[in-house]
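Okay, so the sequence shown: first residue is 0 according to numbering that gives the first Met the number 0, each after it adds one.
Yeah, the Cβ is synthetic: ideal placement off N, Cα and C, and Gly gets one too.
All figures in this text were calculated on a predicted structure; none of them were measured in a lab.
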Amino acid sequence: MSELNLILLGPPGAGKGTQAERLTQDFPLAYIATGDMLRQAVAEGTELGLKAKQFMDAGDLVPDEVIIGVALERVEADDARDGFLLDGFPRTIAQAEALEQEMEQLGRGITAVLLIDVPDEEIVRRVSGRRVSRSGRVYHVDFDPPKHEGRCDIDGSPLTQRDDDRPEVVRARLAKYHDVTAPLVRYYEDRGLLRRFDGTRTPTEVHDHIRATVATLRLEDSL
Ligand code: AP5
Numbered sequence: 000m001s002e003l004n005l006i007l008l009g010p011p012g013a014g015k016g017t018q019a020e021r022l023t024q025d026f027p028l029a030y031i032a033t034g035d036m037l038r039q040a041v042a043e044g045t046e047l048g049l050k051a052k053q054f055m056d057a058g059d060l061v062p063d064e065v066i067i068g069v070a071l072e073r074v075e076a077d078d079a080r081d082g083f084l085l086d087g088f089p090r091t092i093a094q095a096e097a098l099e100q101e102m103e104q105l106g107r108g109i110t111a112v113l114l115i116d117v118p119d120e121e122i123v124r125r126v127s128g129r130r131v132s133r134s135g136r137v138y139h140v141d142f143d144p145p146k147h148e149g150r151c152d153i154d155g156s157p158l159t160q161r162d163d164d165r166p167e168v169v170r171a172r173l174a175k176y177h178d179v180t181a182p183l184v185r186y187y188e189d190r191g192l193l194r195r196f197d198g199t200r201t202p203t204e205v206h207d208h209i210r211a212t213v214a215t216l217r218l219e220d221s222l
């Protein structure tokens with residue numbers, strides 16, 4: 000069976016991380032989330048983290064020359080050889096072109112780009128209620144609460160709020176999304192790779208829809 004190489008696309012807070020957690024249980028995919036990689040680098044104080052922090056805190060994108068090499072290195076890694084799920088990359092046309100070139104060189108291709116659509120007003124509501132555990136599990140105080148308030152269901156660690164989930168930073172992230180990331184919708188539509196999902200449905204409904212689409216793609220590919 001051939002590999003599944005998937006990209007999750009959508010505005011901040013659309014539910015990309017939420018769906019990624021479920022999809023990686025359905026399909027054997029290496030999960031590559033540039034936002035998580037950058038937050039870890041910031042927490043560890045690495046050179047990458049020091050370069051990225053000021054951009055992330057302002058709701059801006061980390062420059063292409065900083066992120067492209069880091070993301071492509073993960074795509075080439077052994078665990079991603081049989082398929083991957085990219086979350087948060089590419090985010091600019093330059094990043095998409097770099098990925099396309101890399102895939103060509105590796106003799107591989109993108110299977111599909113999964114766009115999770117959510118209107119701006121809903122985003123602010125979602126992101127302000129988001130809480131994350133130490134292990135990266137994502138919750139929402141109203142829509143997806145933990146069993147015990149303030150504690151992760153899996154490891155019991157205290158839930159915290161991300162630094163860039165403050166309302167003024169969320170607005171900056173949304174503006175950036177419309178400005179430089181949304182053009183990727185057209186880019187992937189032109190290549191026949193885009194699949195749209197209504198992200199305003201419940202997490203389970205969104206998941207069911209994406210899973211069915213990905214299962215069909217895998218089946219078509221194996222015929
Ligand atoms: P990143 O971590 O990638 O953030 P993002 O794209 O802004 O996405 P989020 O993680 O905020 O949201 P999500 O779509 O995963 O939603 P979630 O599932 O958590 O990037 C952070 C920063 O890093 C960027 O701003 C940038 O500075 C930098 N960066 C990263 N990649 C980069 C790149 N390639 N180039 C340059 N810079 C880069 O859900 C949100 C909330 O809603 C949760 O509380 C969840 O429980 C809830 N929820 C989810 N689904 C539903 C639903 N269906 N109904 C109701 N609630 C829901």
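Sheet register partners of residue i (DSSP bridge)
i           : result
residue 129 : 139
residue 95  : Bridge partners of residue 95: none, in fact.
residue 197 : 116
residue 86  : 7, 32
residue 159 : 131
residue 111 : 5
residue 150 : 157
Pair within 8 angstroms by beta-carbon distance, residue i and residue j
i           : j           : result
residue 28  : residue 37  : no
residue 70  : residue 83  : no
residue 166 : residue 158 : no
residue 10  : residue 122 : yes
residue 184 : residue 193 : yes
residue 80  : residue 31  : no
residue 213 : residue 7   : no
residue 59  : residue 175 : yes
residue 127 : residue 163 : no
Residues near residue i by beta carbon distance below 6 angstroms, same chain, minus five either side
i           : result
residue 142 : none
residue 61  : 51, 54
residue 179 : 91
residue 218 : none
residue 125 : 12
residue 47  : 40
residue 85  : 6, 31
Check: residue i C-beta below 7 angstroms from any heavy atom of the ligand AP5
i           : result
residue 303 : Here the chain has residues from 0 to 222 only, and residue 303 is not among them.
residue 139 : yes
residue 23  : no
residue 89  : yes
residue 11  : yes
residue 15  : yes
residue 100 : no
residue 37  : yes
residue 94  : yes
residue 129 : yes
residue 60  : yes
residue 215 : no
residue 33  : yes
residue 119 : no
residue 152 : no
residue 126 : yes
residue 133 : no
residue 145 : no
residue 170 : no
Close-in-space but distant-in-sequence residues of the same chain around residue i (CB under 7 angstroms, 5 per side omitted)
i           : result
residue 67  : 94, 97
residue 154 : 132, 133, 134
residue 35  : 135
residue 195 : 114, 116
residue 187 : 112, 193
residue 198 : 9, 13, 14, 115, 116, 117, 205
Residue i classed as buried or exposed, judged by whether at least 16 other C-beta atoms fall within 10 angstroms
i           : result
residue 211 : exposed
residue 17  : buried
residue 106 : exposed
residue 108 : exposed
residue 129 : buried
residue 14  : buried
residue 172 : buried
residue 19  : buried
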